[in-house]
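J.: Residue numbers (our numbering), protein chains in the order written: chain A, 1 to 606; chain B, 1 to 286. All C-beta atoms in this analysis are idealised placements derived from N, C-alpha and C, irrespective of residue type, glycine included. All values derive from a computational prediction rather than experimental measurement.
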């Protein structure tokens, strides 16, 4: 809070607001805002997943009529088939919704908001009102994005059958800067899409400022920087990345918007001849400029999605291994290194873009250098588990799954990061498989782990372990069956963003059977997510009551009731004596030493 | 529980290795892998890919097997406590330096191939072709018998009268120029491409050559390659360019030198007649 800290030990309570709207809708309580973000992401992830289901239907059975589609999408798929433009619109919306409204919101806005203040011993975020604004701007952004899906309903001139923009989540210019003449959905659809992203950028900026200030200024007595849980370091670094990268996307987005509604030409060069006509009114724009602006944001964004999962994995592995994190300092430095290097590699998305080939060499070498801190993390996770006494709870097995997926998804980047090897692989399914494993599924495993781990604290009840484990096994095997074969399809040369690969003879006879296999694996995996939803709902109402510290963990959130009171520590300021990973301390009474426990113990950072 | 997870993890590793290595052995021609390579540079790219596959494959198998192993071995045993270790600076340093060296060496090796692709010229005797991409076709522009390209300008572009590249009708050099939607090149001679786009970004992807380059509105990008085997090869578009992106593809005809020379001297009409014949004659190389 902004006011002066009370003298240690003195009680300085904050009473919760009484009205429903102030308490649950326009709340300034970081815990309510965290839950709001988390539900927004949950809604978005199901929207995005249904879109992927439709795409997989089309890819495995191209052009087939689906009776249910006539009912589900009467405007976009009147005859029940997924048209090429509907397919591309699904590609665009699936990517945009997943990246912005799931991967960026749940780990940071959701868990970060809820647990950063508690883990550092604060009563709330530094700027609670800003926090509320940040969530509601994100909400507006989502609402506008949903409008973009129905662009053809709004825009009479749109071709029948289109559901939104078709330019992909990267919205490359000039396809996305030329308006409707470049393709259906590229007019009103793109305007709404880019407006939504601009709102999202502002929301993320506000959130980032708040996270950075909170972690630096509101740590409780004894919570030195090297006693912070690794989750906090990850959220902090993520916030720094967001603070430095979102403004660039915002600038790019505003320029793009002006190209649509302001008559400017930032991204369209002179002499364009589109759809049978010369574009007389546009000149002087640069096509590659958009890609630089986009990826200057886009690459740090990958780390914005994955870093919180990495922090959380370290935290959970240590907790259930009953062992200190192996190499705490190295872990912190590795997070910094990944964050820093992450700003100098955006060009590896652009090796074949026409960018200067000398520049590509620099980007390539720095890209492979990122493998080093990533390898440090993997090594330290294995080190944490070595000699452990693992408790195989659901959050733990999801974290183990995270490590496995992080290795699989990260390691394929070694191919793509090399300029020459990227030539045949760029824009093929190899890339699709790679980034889904690492920033998609690994990050989502982090979110699942976080949900199973913190649900008892957030809602006061335990989640069902049996359902959790079934959910894990199907999902873990499922995602491997979906994304590993995609690498092979990419090696064979299957271009991405194709609504059908049937026309390409060089792909050979085993391509379609493998595509069908991937689709079926996707359907099973998607169906298994219903187990998660059932578990959530059931546990929320019927789950066994969780005590203060059901996992026997050490960080500050486990010293207060579940769910925590409005001001977290009931007006007290906790005193911190140790680092967060004091498990199995020799001579200690229990196998975990709380951060607030005054008992002497050697710990990292002391 | 730990043992089940470990076994599943190991099975997935075996499955992945089979997918990447085994299917090549098991299925022969039916395998899903790079299409047959027909260029020298493609062979070096394939070698670098294989080298990376070996390095990455070893790292992948080792780390997944190790993860399975610790999960298998270090499960809970009654009230027994875990080891109290905070890390090891020495192990950390060894690991960091080792991965750093391997990754950077790979990255540097790849740059030598990259330099051959991008930082060298095609040579003075190369066959010159201009590529002009548009929604949803690739146009290839040849200088004709005189070996000189006619002047082109956007204002002369007229799709309905088949002047896709915008040849200036008043330029004498352009009278014998040829525009097609098939890339025709000779076996064994270097080809010098200039790539442009009329509308949005496209990408000329020739899997058999391990060739890929975006065509960018406003830019003229120079590229070169040499094809070593006659045949008909597919050229899909690899950059999202709109509604019919999936349907945008051309063919590359690699012809014996004599056949090519004969065609290069033909008028546009004859060239296209001959091209139609040849396209029917050659099956698609897969």
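Give the DSSP-derived three-state secondary structure of residue 141 of chain B in the structure shown.
T.: Looking at residue 141 of chain B - three-state DSSP - the assignment turns out to be strand.
J.: Assuming residue 306 of chain A and residue 439 of chain A are in contact, meaning their beta carbons sit under 8 Å apart, how far apart are those beta carbons, in whole angstroms?
T.: Sure, about 6 Å apart at Cβ, within 8 Å.
J.: Assign residue 39 of chain A to one of two classes, buried (16 or more other C-beta atoms within 10 Å of its C-beta) or exposed (fewer than that).
T.: Exposed, by the Cβ-count rule.
J.: Kindly say whether residue 491 of chain A, judged by its beta-carbon, lies nearer than 9 Å to any beta-carbon of chain B.
T.: Closer than 9 Å: yes.
J.: Quick check on residue 347 of chain A: does DSSP put it in helix, strand or coil?
T.: In this structure, residue 347 of chain A counts as helix in the three-state DSSP scheme.
J.: Given a cut-off of 9 Å on the beta-carbon distance, is the pair residue 114 of chain B and residue 357 of chain A in contact?
T.: In contact: residue 114 of chain B and residue 357 of chain A (Cβ atoms closer than 9 Å).
J.: Step through the CB atoms of chain B and report whether any lies within less than 9 Å of the CB of residue 471 of chain A.
T.: No, because no Cβ of chain B sits closer than 9 Å to the Cβ of residue 471 of chain A.
J.: Here's a check: name, in chain order, each residue in its chain whose Cβ is nearer than 6 Å to the Cβ of residue 23 of chain A, leaving out the five neighbours to either side.
T.: Around residue 23 of chain A: 17.
J.: Along the chain, where does the alpha helix (DSSP H) that runs through residue 85 of chain A open and close?
T.: Start and end: 84 to 96.
J.: Look at the Cβ atom of residue 83 of chain B, then the Cβ atom of residue 13 of chain B, and state whether they are nearer than 9 Å.
T.: Not a contact, by the Cβ cut-off of 9 Å.
J.: What residue range is occupied by the uninterrupted beta strand (DSSP E) comprising residue 99 of chain A?
T.: Per DSSP, residue 99 of chain A belongs to no beta strand (DSSP E) and is neither H nor E.
J.: Measuring only between beta-carbons, confirm whether residue 8 of chain B sits less than 9 Å from chain A.
T.: Yes, because at least one Cβ of chain A sits closer than 9 Å to the Cβ of residue 8 of chain B.
J.: Closer than 9 Å, CB to CB, is residue 157 of chain A near chain B or not?
T.: Confidence is the limiting factor: at residue 157 of chain A the pLDDT is only 49, short of 50, which leaves the residue's position unreliable, though a coordinate-based value still follows. No, because no Cβ of chain B sits closer than 9 Å to the Cβ of residue 157 of chain A.
J.: Any beta carbon from chain B within less than 9 Å of residue 423 of chain A's own beta carbon?
T.: With 9 Å as the cut-off, residue 423 of chain A counts as an interface residue toward chain B.
J.: What does residue 404 of chain A touch in chain B if you count any residue whose Cβ is under 7 Å from its own?
T.: Simply 9, 64 and 67.
J.: Just by C-beta distance, which residues in the stretch 148 to 160 of chain B are closer than 7 Å to chain A?
T.: The residues in question are 154, 155, 157 and 159.
J.: Can you list the residues of chain B that residue 275 of chain A reaches, using a CB-CB cut of under 8 Å?
T.: Simply 135 and 199.
J.: Candidates A:598, A:148, A:379 and A:392: which alpha carbon is nearest residue 192 of chain A's?
T.: Per the Cα distances, A:148.
J.: Using a cut-off of 7 Å between C-beta atoms, extract the partners of residue 169 of chain B located in chain A.
T.: Correct list: empty, because the minimum Cβ distance to chain A is about 16 Å.
J.: How is residue 272 of chain B classed by DSSP in three states: helix, strand or coil?
T.: Residue state, collapsed to three classes: helix.
J.: Consult DSSP for residue 241 of chain B and reduce its assignment to one of helix, strand or coil.
T.: Residue state, collapsed to three classes: coil.
J.: So which residues on chain A does residue 252 of chain B lean against when the C-beta distance must stay under 8 Å?
T.: Result: empty, since nearest Cβ-Cβ is about 12 Å, beyond 8 Å.
J.: Compare the C-alpha of residue 255 of chain A against each of A:232, A:238, A:287 and A:240 and name the closest.
T.: Among A:232, A:238, A:287 and A:240, the Cα nearest to that of residue 255 of chain A is on A:287.
J.: What does residue 281 of chain B touch in chain A if you count any residue whose Cβ is under 9 Å from its own?
T.: In chain order: nothing, as chain A lies at least about 16 Å away.
J.: At a CB-CB cut-off below 7 Å, which residues of chain A make contact with residue 291 of chain B?
T.: Here chain B comprises residues numbered 1 to 286, so residue 291 of chain B is not present and cannot be evaluated.
J.: DSSP on residue 277 of chain B, reduced to helix/strand/coil?
T.: Three-state result, residue 277 of chain B: helix.
J.: Answer with buried or exposed for residue 259 of chain A, where buried requires no fewer than 16 other C-beta atoms within 10 angstroms of its C-beta.
T.: Residue 259 of chain A comes out buried.
J.: What does a CB cutoff of less than 8 Å around residue 528 of chain A pick up in its chain, not counting 5 residues either side in sequence?
T.: Cβ within range, chain order: 470, 471, 474, 475 and 478.
J.: DSSP state of residue 9 of chain B, grouped into three classes?
T.: Helix at residue 9 of chain B.
J.: Given that residue 217 of chain B touches chain A, what residues does it touch there, using C-beta distances under 7 Å?
T.: Simply 174, 269, 272 and 287.
J.: Taking all protein chains shown into account, decide if residue 47 of chain B is buried (16 or more other Cβ within 10 angstroms of its Cβ) or exposed.
T.: Residue 47 of chain B is exposed by the Cβ-count criterion.
J.: Under 9 Å, CB to CB, which of the residues in the stretch 80 to 91 of chain B have a partner in chain A?
T.: Correct list: 80, 81, 82, 83, 84, 85, 86, 87, 88, 89 and 91.
J.: Whose C-alpha, out of A:291, A:582 and A:173, is nearest the C-alpha of residue 268 of chain A?
T.: Minimum Cα distance to residue 268 of chain A is reached at A:173.
J.: What residue does the beta strand (DSSP E) around residue 179 of chain B start on, and which one ends it?
T.: Here the beta strand (DSSP E) through residue 179 of chain B covers 178 to 180.
J.: Any idea what DSSP makes of residue 90 of chain B, helix, strand or coil?
T.: In the structure shown, residue 90 of chain B sits in a helix (DSSP, three-state: H, G or I).
J.: How about residue 180 of chain B: is its C-beta nearer than 9 Å to some C-beta of chain A?
T.: Cβ-Cβ to chain A under 9 Å: no for residue 180 of chain B.
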